[in-house]
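K.L.:
Okay, handing you the structure first.
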Ligand code: 5AD
Ligand code: SF4
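In the numbering used here, the protein residues as written are 37 to 493.
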């Protein structure tokens, strides 16, 4: 009997399978983090790791972290605790922590959780391969956290999660220092990518089959301010609008202070830029806005919305609001409630103020007790939900264009798509729809978060 006869095909497959190395990435936080995870995944793939969704199957687990609120940090420490148990049963498991908490807490992470092997900061995402190799050679904790970013990090291989929609970072960091926010401390100062690089990436994504791109930055309206030859955000939007391989363009996040007439004009006259404005107002009280260092007043914000609605009447508008910022009295909170009712946002992301140590607001007097914050959040959500439903009801009977994204999460017999105004629409699958194509749906039912309808032939 020859040597090879001793093994069945299944044995061979099994042995190869055992040789394979699997990674998984658990991502918390914003779109920028989701995109960083795509760049981390690409690097792991380049050194032979394959992706698995199943945590217990992985030889390498990366936790890409967020520290914008304490609640996120608590959840992440819970996850890191879970990994300790996994490592006990799988001693060769490599555990890496990346993202904003890694940038903030650095070697403290090793002290709190010695089962962590790598800590990689937000400016070091491109160094994953180097750090993995170093760990494999030394089997000692590897810390790679730069205080400051290189102007622009080198390119690394990227594996995109979706097939239709892709993220394209246009700038990194934030210079605003809103008094509650940790982001400028963990993501550094603003750095814009050149227009030509962004346009090239968008063009290539279109060629690969992506239909929609989202331009990402902590404050996209500041795009180009750090490098004058670049042009500004309006110029960039205009340039990306000309890329013929792509169908829809989104962007986030905007700062109300920095969005200008030129941007509104480019969006109005564009072919592909979605008529959707996410403009975080944070508070409807001028006293609080000032304490937050937001750089605008409620009057300014109202004028801005008037301008947008005049230029693009069917545009949708969403916002972020923080309740319980230090010094927010019942009266000042009422101003936020009234403001929200007056503007009529399509929806709002609402947050309890969370003290972030090192930010100016953390040491401000008159911190608001937890139960008061909770109560205000509930009032605000109730008010906003009524408004969202009211606005959505106006769409019943109307026919809207959606980009088909795929089956609904809860019901495979339904498809899900989004309008340019970012409304989520569900309809009974006909079978003729193609993922990534545009379809027309007549709205039959409005709910607070979604709309249901029927496909139009
Ligand atoms: N507490 C609560 N919410 C916060 N945000 C940022 N920092 C904090 C904080 N310390 C919110 C803001 C921002 C969104 C992404 O997170 O509303 O727009
Ligand atoms: Fe934070 Fe303000 Fe920068 Fe947004 S603009 S990331 S809220 S500091």
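Note that beta-carbon positions come from the ideal geometry of N, C-alpha and C, so glycine has one too.
Taking the Cβ atom as the reference point for each residue, do residue 218 and residue 148 lie within a distance shorter than 9 Å?
P.N.:
Not a contact, by the Cβ cut-off of 9 Å.
K.L.:
Output the boundary residues of the beta strand (DSSP E) element that contains residue 321.
P.N.:
It is not in any beta strand (DSSP E) - residue 321 carries neither H nor E in the DSSP assignment.
K.L.:
From what residue to what residue does the beta strand (DSSP E) around residue 370 run?
P.N.:
Residue 370 -> not in any beta strand (DSSP E); alpha helix (DSSP H) instead, spanning 366-379.
K.L.:
Grab the span of the alpha helix (DSSP H) containing residue 276 for me, first residue to last.
P.N.:
269-277
K.L.:
How is residue 40 classed by DSSP in three states: helix, strand or coil?
P.N.:
Residue placement at residue 40 is flagged as unreliable, the pLDDT there being 42, under the threshold of 50; the coordinate-derived value follows with that caveat. The answer is helix: DSSP assigns residue 40 an H, G or I state.
K.L.:
Residues in its own chain within less than 8 Å of residue 38 by CB, not counting five upstream and five downstream?
P.N.:
Here the model assigns residue 38 a pLDDT of 39, short of 50, so the residue's position is not dependable and the matter cannot be decided.
K.L.:
Can you tell me the Cα-Cα spacing of residue 460 and residue 103, whole angstroms?
P.N.:
28 Å
K.L.:
Does the Cβ of residue 413 lie closer than 8 Å to at least one heavy atom of the ligand 5AD?
P.N.:
Set against 8 Å, the gap from the CB of residue 413 to the closest heavy atom of the ligand 5AD is not smaller.
K.L.:
Would you call residue 435 buried or exposed, if buried means 16 or more other Cβ atoms sit within 10 Å of its Cβ?
P.N.:
exposed
K.L.:
Could you check where the beta strand (DSSP E) with residue 444 kicks off and where it finishes?
P.N.:
Segment: none, residue 444 is in no beta strand (DSSP E) and carries neither H nor E.
K.L.:
Near the ligand SF4, which residues have their beta-carbon less than 6 Å from any of its heavy atoms, given in chain order?
P.N.:
210, 212, 213, 214, 217, 219, 220, 254, 255 and 291
K.L.:
Do three or more CB pairs link the region 461-480 to the region 428-446 at distances below 8 Å?
P.N.:
Counting Cβ pairs under 8 Å, three or more are found: they touch.
K.L.:
Does at least one heavy atom of the ligand 5AD sit under 8 Å from the Cβ of residue 270?
P.N.:
no
K.L.:
Which residues mark the beginning and the end of the beta strand (DSSP E) in which residue 79 is found?
P.N.:
Here residue 79 belongs to no beta strand (DSSP E); instead the alpha helix (DSSP H) covers 67-82.
K.L.:
Considering only C-alpha positions, which residue in the set 271, 286, 304 and 326 is nearest to residue 204?
P.N.:
286
K.L.:
Restricting to Cα atoms, I'd like to know which of 352, 238 and 257 is closest to residue 281.
P.N.:
238
K.L.:
Taking the DSSP output, what are the residues bridged to residue 248?
P.N.:
201 and 284
K.L.:
In terms of alpha-carbon separation, which member of 157, 226 and 255 lies closest to residue 316?
P.N.:
255
K.L.:
For residue 143, tell me which candidate among 344, 179, 174 and 134 has the shortest Cα-Cα distance.
P.N.:
179
K.L.:
What do you get for residue 91, buried or exposed, if any count of 16 or more other CB atoms within 10 angstroms of its CB means buried?
P.N.:
exposed
K.L.:
Confirm the yes/no value for this check: CB of residue 139, any heavy atom of the ligand 5AD, distance under 8 Å.
P.N.:
no
K.L.:
Roughly how many angstroms lie between the CA atoms of residue 290 and residue 374, to the nearest whole one?
P.N.:
23 Å
K.L.:
How should residue 5 be labelled, buried or exposed, when 16 other C-beta atoms within 10 angstroms of its C-beta is the threshold for buried?
P.N.:
There is simply no residue 5 to check, as the chain begins at 37 and stops at 493 in what is shown.
K.L.:
From the DSSP output, which residues share a beta bridge with residue 101?
P.N.:
135
K.L.:
If I follow the unbroken alpha helix (DSSP H) through residue 171, where does it start and stop?
P.N.:
164-174
K.L.:
Three Cβ pairs or more, each shorter than 8 Å: is that satisfied between the region 110-120 and the region 224-237?
P.N.:
no
K.L.:
For residue 344, which residues from the same chain have a beta carbon less than 8 Å from its beta carbon, with the 5 sequence-adjacent residues on both sides left out?
P.N.:
300, 313, 351 and 353
K.L.:
Based on DSSP bridge pairs, tell me the residues matched to residue 179.
P.N.:
155
K.L.:
For the beta strand (DSSP E) that residue 352 lies in, which residues bound it at each end?
P.N.:
352-359
K.L.:
Cβ of residue 293 within 8 Å of any heavy atom in the ligand 5AD?
P.N.:
no
K.L.:
Suppose the cutoff is 8 Å on Cβ atoms and the five residues either side in sequence are ignored; what does the same chain contact list for residue 106 look like?
P.N.:
Here the set comprises 390, 391 and 392.
K.L.:
Going straight from the alpha carbon of residue 429 to that of residue 400, what length do you get?
P.N.:
Taking the Cα positions, residue 429 is about 42 Å away from residue 400.
K.L.:
Going by beta carbon distance, what residues of the same chain come within less than 7 Å of residue 396, once the five residues before and after it are set aside?
P.N.:
215
K.L.:
What residues in its chain sit with their C-beta under 6 Å from that of residue 455, if we drop five residues either side in the sequence?
P.N.:
436 and 438
K.L.:
Under DSSP, the alpha helix (DSSP H) around residue 299 begins and ends at which residues?
P.N.:
297-304
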